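Quick note, the sequences are listed as chains R and F, same order.
Read in order, the letters of the first sequence correspond to residues 0 to 509 in numbering that gives the first Met the number 0.
Read in order, the letters of the second sequence correspond to residues 0 to 175 in numbering that gives the first Met the number 0.
Backbone N, C-alpha and C define an ideal beta-carbon position, used for all residues, glycine too.
Note that this is a predicted model, so its numbers are computed, not measured.
Report on the following structure.
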Amino acid sequence: MALKLNQSEFIIERDENKCISCQVCVRQCSNDVHEYDSEGDMIYSDSLKCVGCHRCESLCPTGALKIKERKSQFRTNYNWSASHLRDIYRQADSGGVLLTGMGCDKPYTVYWDRILFNASQVTNPSIDPLREPMEIKTFIGRKPDRLEFKSSRSSKNTGVRLKTKMSPQLELSTPIMFSAMSYGSISLNACRSLAAAASQFGTYYNTGEGGMHKDLYEYAKNTIIQVASGRFGVDADYLNKGSAVEIKIGQGAKPGIGGHLPGEKVTKDISNTRMIPEGTDALSPAPHHDIYSIEDLAQLINALKEATDWSKPVGVKVSAVHNIAPIASGIVRAGADFIAIDGLRGGTGAAPQIIRDNVGIPIELAVASVDERLREEGIRHKASIIAGGSIRSSSDAIKAIALGADAVYIATAALIAMGCHLCQKCYTGKCNWGIATQDPYLTKRLNPEIGTRRLLNLLRSWSLEIKEMLGGAGINAIESLKGNREHLRGIGLNDRELEVLGIKHAGEAW
Amino acid sequence: MHNGEISSYGTNKRFVSGFGYECTLSTDTEVIAYLFDLIARKQKIDIRMIHLILASPLWQEIERMPRDNKELVKALRILYGSALINGPFSIIVGNTGFMYALNDRIKLRPLVAARKNDYLFVSSEEASIRKVCPSPDILWHPDGGEPVIGIVNKKVAGKKGDGTRSVKLDDQPVKV
Chain R
0 MALKLNQSEF
10 IIERDENKCI
20 SCQVCVRQCS
30 NDVHEYDSEG
40 DMIYSDSLKC
50 VGCHRCESLC
60 PTGALKIKER
70 KSQFRTNYNW
80 SASHLRDIYR
90 QADSGGVLLT
100 GMGCDKPYTV
110 YWDRILFNAS
120 QVTNPSIDPL
130 REPMEIKTFI
140 GRKPDRLEFK
150 SSRSSKNTGV
160 RLKTKMSPQL
170 ELSTPIMFSA
180 MSYGSISLNA
190 CRSLAAAASQ
200 FGTYYNTGEG
210 GMHKDLYEYA
220 KNTIIQVASG
230 RFGVDADYLN
240 KGSAVEIKIG
250 QGAKPGIGGH
260 LPGEKVTKDI
270 SNTRMIPEGT
280 DALSPAPHHD
290 IYSIEDLAQL
300 INALKEATDW
310 SKPVGVKVSA
320 VHNIAPIASG
330 IVRAGADFIA
340 IDGLRGGTGA
350 APQIIRDNVG
360 IPIELAVASV
370 DERLREEGIR
380 HKASIIAGGS
390 IRSSSDAIKA
400 IALGADAVYI
410 ATAALIAMGC
420 HLCQKCYTGK
430 CNWGIATQDP
440 YLTKRLNPEI
450 GTRRLLNLLR
460 SWSLEIKEML
470 GGAGINAIES
480 LKGNREHLRG
490 IGLNDRELEV
500 LGIKHAGEAW
Chain F
0 MHNGEISSYG
10 TNKRFVSGFG
20 YECTLSTDTE
30 VIAYLFDLIA
40 RKQKIDIRMI
50 HLILASPLWQ
60 EIERMPRDNK
70 ELVKALRILY
80 GSALINGPFS
90 IIVGNTGFMY
100 ALNDRIKLRP
110 LVAARKNDYL
120 FVSSEEASIR
130 KVCPSPDILW
140 HPDGGEPVIG
150 IVNKKVAGKK
160 GDGTRSVKLD
170 DQPVKV
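Dropping the structure here:
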């Protein structure tokens, strides 16, 4: 037997009294953890292969399986943690860059958990969203500097008509959208669930950089088309198949890094959608090779606006990095109608682990500093801000808006709603939940109708919770919360952190 | 004059700060003056339309408007969303040229208006109007978001000799 330096991360406990050897676990595991021995009518499990996705545990009909995290597999050392040892063993085995999926899971401060929201008492009444109107409709797009009017005899009552032509706007029934996940990184069933849910709820999903499958054309009205450095599947048709275009410069999980969809995943369908030969690697370069400055970005923004007849908002997605505030200012000046900022903890289908866990800044700080900077420069109205990069709950969303975002992007939360258990193995293409895979045996596990229903439920419950919190704060329109940092208080934060966030500490009144 | 508390103060404050107004007094009332100055004086939005910004109609009402009105009110709300005053308020804004009163769109604070000849009275309650003018020609309770506008008629202002000014009340708010 070969020397194995690494140890399993999980313990698989099988209650032999409950196990009926039905082999559901064997069939469900794409990592071949469980194996049936017909001679002994026994199932053996190799915990070293287990990724902790809990698929077998969830589907075991008799509840015989328990997957537990193994806490003390290496000798305790506060400097050399188990993950350091595990990673070094893996690298010494393979000589490669370690890949991972989903977002940064390191214990950096999660500022959402250090911010508290406000409510009304006595002096201003709270509003009951079940009895009173509670408005969370949101618009994404460039706003004019001012409005001009003309008098009109024909218009009823007002005698005034709008003269200014408004820039194209996205109209959202809730300030939550699904952020970019390409067909390729996730299955078509997953894409379809996102698209259908966005369409039924009156919000938007984002194609990601993989082009657009023709089955999704019917959801065009609720689609944001992404243009990334690989330009996969991009042509005039594609650009006009959505309601907005997003230029992807960066992603929170891997700022400064391109993408790589391995050839094995480029099936016939994906090759058609991405417009690349079947079986070839789909490589997204780290930079756009036609963007080396803000001026270049302005050219691409204008080219895309021209290609879409100036009828759609064109935005730019960037990862939250140290200089995000001046970068955002440049992007607005380049003509972007919205900026999507993706924070440190944003997810990915595949990224070098070292990048995911060490590069970028948390979205909370990025949104606060970008909003502040754009206001200082008097250009905040020229572009909407969409915050993403681990919005885990409706309270994260409402705090993001109070810090200055117009809307939030969710993706990891959407995947979790569809069954994802955050095993972080998206890059292997072996997703047991049928989400981040193209294997037909696995993809059929996600029924798009059920996926759609679960996503709709998620949007609905978060929207209701947002209304509850708004009403509690005595506000009946989401726009009165935007940038309303008076409704936020920090808890356990130092002066510098409070200053960057632009909020007071809990206990301080105004 | 302001009766109430503004729950949208933080948003309104940040909105006007983008135009160079700095809120320095520790009171939410301050921001109303700046909003009025910015919108009415600097951006020259007709005083008859300002209620569509400060106490904007609900989206469900906007959806039901005739097309032109809808386009107008929607644009105002999209552009001036951060100028919406949310929370309970009745306000009176005035200078030598006009008097303007408004309360929040779901009428969480009272507002009463009355007229007697050239006089326009506005108050949070009827009793205080009756105190100074026991029998006004007309007295009414404006709806939430429905402004009371009195503009000094420049042609006759100051010509009456008794120091009072004639108020022209046919400057009705834009109805949508």
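Pairwise C-alpha distance: residue j and residue i
i	j	result
residue 510 of chain R	residue 20 of chain R	With chain R covering 0 to 509 only, the question about residue 510 of chain R has no answer from this structure.
residue 448 of chain R	residue 129 of chain R	29 Å
residue 343 of chain R	residue 376 of chain R	26 Å
residue 276 of chain R	residue 99 of chain R	26 Å
residue 389 of chain R	residue 365 of chain R	13 Å
residue 467 of chain R	residue 81 of chain R	43 Å
residue 245 of chain R	residue 92 of chain R	40 Å
residue 505 of chain R	residue 17 of chain R	51 Å
residue 265 of chain R	residue 172 of chain R	35 Å
residue 494 of chain R	residue 420 of chain R	37 Å
residue 68 of chain R	residue 308 of chain R	54 Å
residue 37 of chain R	residue 30 of chain R	20 Å
residue 347 of chain R	residue 70 of chain R	26 Å
residue 337 of chain R	residue 396 of chain R	17 Å
residue 61 of chain F	residue 358 of chain R	45 Å
residue 462 of chain R	residue 423 of chain R	28 Å
CA nearest to the CA of residue i, picked from the options
i	options	result
residue 5 of chain F	F:124, F:53, F:150 and F:37	F:53
residue 9 of chain R	R:106, R:49, R:198 and R:289	R:49
residue 103 of chain R	R:163, R:355 and R:200	R:355
residue 207 of chain R	R:184, R:110, R:199 and R:89	R:184
residue 33 of chain F	F:56, F:93 and F:74	F:93
residue 384 of chain R	R:403, R:397, R:395 and R:378	R:403
residue 141 of chain R	R:112, R:334 and R:347	R:334
residue 42 of chain R	R:52, R:53, R:28 and R:51	R:28
residue 80 of chain F	F:151, F:0, F:100 and F:11	F:11
residue 394 of chain R	R:200, R:95 and R:486	R:486
residue 55 of chain R	R:251, R:39 and R:11	R:11
residue 123 of chain R	R:501, R:437, R:484 and R:472	R:472
residue 261 of chain R	R:60, R:281, R:508 and R:146	R:281
residue 509 of chain R	F:148, F:25 and F:0	F:25
residue 283 of chain R	R:311, R:247 and R:143	R:247
residue 272 of chain R	R:251, R:254 and R:231	R:231
residue 90 of chain R	R:5, R:125 and R:40	R:5
residue 341 of chain R	R:310, R:288, R:289 and R:406	R:406
residue 142 of chain F	F:119, F:46 and F:111	F:111
residue 150 of chain R	F:49, F:71 and F:65	F:71
residue 316 of chain R	R:411, R:278 and R:382	R:382
residue 500 of chain R	R:332, R:83, R:363 and R:287	R:363
residue 314 of chain R	R:305, R:339, R:322 and R:97	R:339
Beta strand (DSSP E) segment containing residue i, residue limits
i	result
residue 113 of chain F	111-115
residue 341 of chain R	337-341
residue 160 of chain R	159-161
residue 122 of chain F	118-122
residue 41 of chain R	41-44
residue 36 of chain R	33-36
residue 169 of chain R	169-171
residue 1 of chain F	1-3
Sequence-distant residues of the same chain with beta carbon closer than 8 Å to residue i, five excluded per side
i	result
residue 329 of chain R	293 and 296
residue 240 of chain R	211, 216, 219, 222 and 224
residue 477 of chain R	134, 135, 136, 137, 174, 400, 465 and 469
residue 77 of chain R	none
residue 23 of chain F	29
residue 162 of chain F	Only weak support is given to the placement of residue 162 of chain F: the predicted model assigns it a pLDDT of 40, under 50, and the value that follows is read from those uncertain coordinates. Taken in chain order, the list of residues that qualify is empty.
Beta-carbon contacts of residue i that lie in its chain and below 7 Å, excluding the five residues immediately before and after
i	result
residue 87 of chain F	3, 4, 103, 107 and 108
residue 127 of chain R	470
residue 256 of chain R	285, 350, 351 and 354
residue 63 of chain R	13, 14, 17 and 18
Residue i, enclosing alpha helix (DSSP H) - first and last residue
i	result
residue 131 of chain F	125-131
residue 9 of chain F	8-16
residue 73 of chain R	Run containing residue 73 of chain R: none; DSSP gives neither H nor E here.
Contact set for residue i: own chain, Cβ-Cβ below 6 Å, skip 5 residues either direction
i	result
residue 44 of chain F	38
residue 33 of chain R	24, 25, 42 and 44
residue 243 of chain R	169, 223, 311 and 312
Cβ-heavy atom distance, residue i to the ligand NAD, below 8 Å
i	result
residue 138 of chain F	The ligand NAD is absent from the structure shown, which contains no ligand whatsoever.
Return the chain-ordered ranges of every alpha helix (DSSP H) run that is complete within the stretch 207-282 of chain R and spans a minimum of 4 residues. If we require 4 residues or more, the alpha helix (DSSP H) runs fully inside the stretch 207-282 of chain R come out as 235-238 and 267-273.
Runs of alpha helix (DSSP H) wholly within the stretch 409-477 of chain R (minimum 4 residues, chain order): Fully enclosed alpha helix (DSSP H) runs of no fewer than 4 residues occupy 411-416, 439-442 and 447-471 of the stretch 409-477 of chain R, in order along the chain.
Entirely enclosed beta strand (DSSP E) segments - the stretch 314-363 of chain R, minimum 3 residues: Taking only runs of at least 3 residues, the beta strand (DSSP E) segments lying wholly in the stretch 314-363 of chain R are 337-341.
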